[in-house]
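Trainee: The structure's right below; bear with me while I get my questions together.
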Amino acid sequence: MRVRRAILIRLPRDECDAEYIRRLMALTNLAYRRYEVWVPDLLKNIQYQLYGSFKNFKDSLVLGTVPKRWFTRAWVPLKTLRVYGDGSMKGDRNAPVVLDFRGNAIKLRQVCRNESGYSIEAPMPIWVIERVKEGGVIKFAMIGLRDDEPYLALVAERVVEPYKPSEYMLVIDVNAWSNGVAWGLIRDGSIIRWKPERPRLSEIEGLYNISVRLGRKYGRLKRLGLHKTVEGRRLWRNIKKVRRKIYAKLRDYAQKLVHRLVRKALKHRALVIIDDMIEESRRELIEEKIPRGLRKIYLAETRRFVKLLITQLRWYGVPYEFKRLPSTICPICGHGLTQLPGRIMVCTNCGFKAPRDKVPMYWAMKL
């Protein structure tokens, strides 16, 4: 099967004209809707590249799907030329994106500014080199704006077949970050290793408390109509800075955790079982009367964690399944479990006892 992975590369703002890229995105949006609009003051070769990408959907970033009619923020699909270390070239010679593996550089030609012959050069990310070593091909590229900043997206593609699982099984129970992502390695009906993984909650909660305090100060200024003063603007910038830091830490932790779990599955050639019960975790946080802002942080990046996990499992050919693995029902007799302090679950019928995050592992062995 064909699998893909993508990376976003931030481009230098001073070398890229955001308004020009926005115009190309508008033309891309029209192209998605089956319209061709030729603009007199835009370079013809770029417009030819744009509409040429939509002539054959297999060669574009549409990837065989048609966006909805209301889709508006369309990134610009770009063809690529790959120049390898032995001097061989693959792709369109006139492509606006050149991946030079000899000089470890990415060259963008005439897509960052509406000037004939204009090009910029960016360093080649290690991510691209690693994907190529794994047998991937960087066939697709896109350019667009994110938060009004220019970005280049590169998509690696490879053909891979899932391996035949060994006697190992890796069970991953996805919960809110307050409880963590629990994983268990199972072999021949026994749990070899089990561990709940969670970020440094003290650091995350400390940053959240700072944002709350700053938010209260900003709220007082807003009620007085002073939120647009120098102090008000400074407070708002600090609030956004702290929030960005929180989500950046959670995003980085999710990426690293996915990498470790996938490597563990590859090492044991295990079948991966995923229990994605994020909505149940949301209800549990509400029942625990966790503040709304902190609930949002505990659930942040959990969806992205699952998406990253699936993407990497597919990339490396790791077989996986989604299964419902209850944590409040006894895996021995099927009766409801009672939760004790410390998230310990006990069955009053048969005497089963285990940490709540470990109960899904017993269910995986049973199923």
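Residue 356 in our numbering sits at position 353 of the sequence shown, and the numbers go up by one each step.
Yeah, the Cβ is synthetic: ideal placement off N, Cα and C, and Gly gets one too.
1. Is it right to say M280 is buried, meaning 16 or more other beta carbons lie within 10 angstroms of its own, or is it exposed?
2. Nearest CA to the CA of A77: which residue from R16, Y154 and L274?
3. Could you check what DSSP says for E170 in three-state terms: helix, strand or coil?
4. Can you list, in chain order, the residues of its chain whose CB lies under 7 Å from that of D95, leaving out five sequence neighbours each side?
5. Quick one, which of G345, R346 and T331 has its alpha-carbon nearest G339's?
6. With R298 as the anchor, note down where its beta strand (DSSP E) starts and where it stops.
7. Rounded C-beta distance between V86 and P99? I'm assuming under 8 Å.
8. Out of D191, A108, I289 and Y121, point me to the one whose CA is closest to W130's CA.
9. Give the secondary structure of A9 by DSSP, where H, G and I count as helix, E and B as strand, and everything else as coil.
10. Which value, in whole angstroms, describes the spacing of the CA atoms of N361 and V40?
11. For Y154, report the span of its alpha helix (DSSP H) as first-last.
12. Look up Y54 in the DSSP assignment and give the residues it is bridged to.
13. Can you tell me whether DSSP reads T314 as helix, strand or coil?
14. When burial is assigned at 16 or more other CB atoms within 10 Å of the CB, is K38 buried or exposed?
15. Between K259 and chain D, is any beta-carbon pair separated by less than 8 Å?
16. Using a Cβ distance threshold of 8 Å, determine whether the stretch 245 to 257 contacts the stretch 136 to 146, with at least three qualifying pairs required.
17. Does the stretch 161 to 168 come close enough to the stretch 266 to 285 that 3 or more CB-CB pairs lie under 8 Å?
18. Provide the residue span of the beta strand (DSSP E) that contains S119, from first to last.
19. Just how far apart, CA to CA, sit I347 and Q315?
20. Can A21 and L148 be called in contact, C-beta distance under 8 Å?
21. By Cβ distance, which residues of its chain are closer than 7 Å to M368, with the 5 residues on each side in sequence left out?
22. For G147, which beta-bridge partners are listed by DSSP?
Mentor: Inspection of the coordinates gives the following:
1. buried
2. Y154
3. coil
4. K82 and L84
5. T331
6. Not the beta strand (DSSP E): R298 falls in the alpha helix (DSSP H), residues R295 to L302.
7. That belief does not hold up - the Cβ atoms of V86 and P99 are roughly 14 Å apart, past 8 Å.
8. A108
9. strand
10. A small correction: the amino acid at residue 361 is Lys; Asn does not occupy that position in the sequence shown. Going from the Cα of K361 to the Cα of V40 covers about 58 Å.
11. Segment E152 to V162 is the beta strand (DSSP E) holding Y154; no alpha helix (DSSP H) there.
12. DSSP output for Y54 lists no bridge partner at all.
13. Here T314 sits in helix by DSSP.
14. According to the sequence provided, residue 38 is Tyr. The question's Lys does not apply to it. Y38 is exposed by the Cβ-count criterion.
15. Note that chain D does not occur in the displayed structure, where there is just one protein chain.
16. no
17. yes
18. Taken as a continuous stretch (DSSP letters only), S119 belongs to no beta strand (DSSP E), as it is neither H nor E.
19. 33 Å
20. yes
21. I189 and G192
22. Y154
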